[in-house]
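Numbering (this note's numbering), first residue to last: 2 to 173.
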């Protein structure tokens, strides 16, 4: 019911030509976890374009785009990357969250070399990045072997087990 009031306020403001980036941002966060993720992204873009730039909003918008299926969202991702790097990438290392998003973006497109380049700068020891590095290897055999090794090191990790299951099911 609260989202309905936000939405009605937004509709009234749009009809009068007023831009409210804070309202757009709040609508993005209210809608991004449900069935209206595409609409949520429209609000994120409006907030960003109308001056509501925040690093968190950019990161959350990119994470939401990765959850959606469809090539149109992957195309829009590059605009978010450009904006993020313009405003937050000058003279500093990118946060782990951004590196993971960027690597997943390339992996969804089957661009393993690009994902490897993004991950090459990562120096940490987080399991999430070990999995991303395994997923970014050039051949399926290498990806399966690296994933199997990680799964043996940590058999409780369901993401690894599911990834291996999907590899083997695809083989038939």
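Using N, Cα and C, we set each Cβ at its ideal position, and we do this for glycine too. The model shown is predicted, which means the values in this text are computed figures rather than measured ones.
Bounding residues of the alpha helix (DSSP H) (the contiguous stretch that carries residue i)
i           : result
residue 22  : 22-32
residue 60  : 56-68
residue 110 : Taken as a continuous stretch (DSSP letters only), residue 110 belongs to no alpha helix (DSSP H), as it is neither H nor E.
residue 160 : 159-172
residue 36  : It is not in any alpha helix (DSSP H) - residue 36 carries neither H nor E in the DSSP assignment.
residue 148 : 141-154
residue 19  : Residue 19 -> no alpha helix (DSSP H), and no H or E assigned at all.
residue 133 : 128-136
CB of residue i within 8 Å of CB of residue j, strictly
i           : j           : result
residue 108 : residue 136 : yes
residue 52  : residue 22  : yes
residue 138 : residue 120 : no
residue 148 : residue 165 : yes
Exposure label - residue i; buried when at least 16 CB within 10 Å
i           : result
residue 100 : buried
residue 155 : exposed
residue 169 : exposed
residue 58  : buried
residue 153 : exposed
6 Å CB neighbourhood of residue i in its chain, flanking five on each side removed
i          : result
residue 56 : 89
residue 67 : 105
Close-in-space but distant-in-sequence residues of the same chain around residue i (CB under 7 Å, 5 per side omitted)
i          : result
residue 98 : 60
residue 48 : 22, 25, 26, 29 and 58
Residues near residue i by beta carbon distance below 8 Å, same chain, minus five either side
i          : result
residue 14 : 20, 21 and 24
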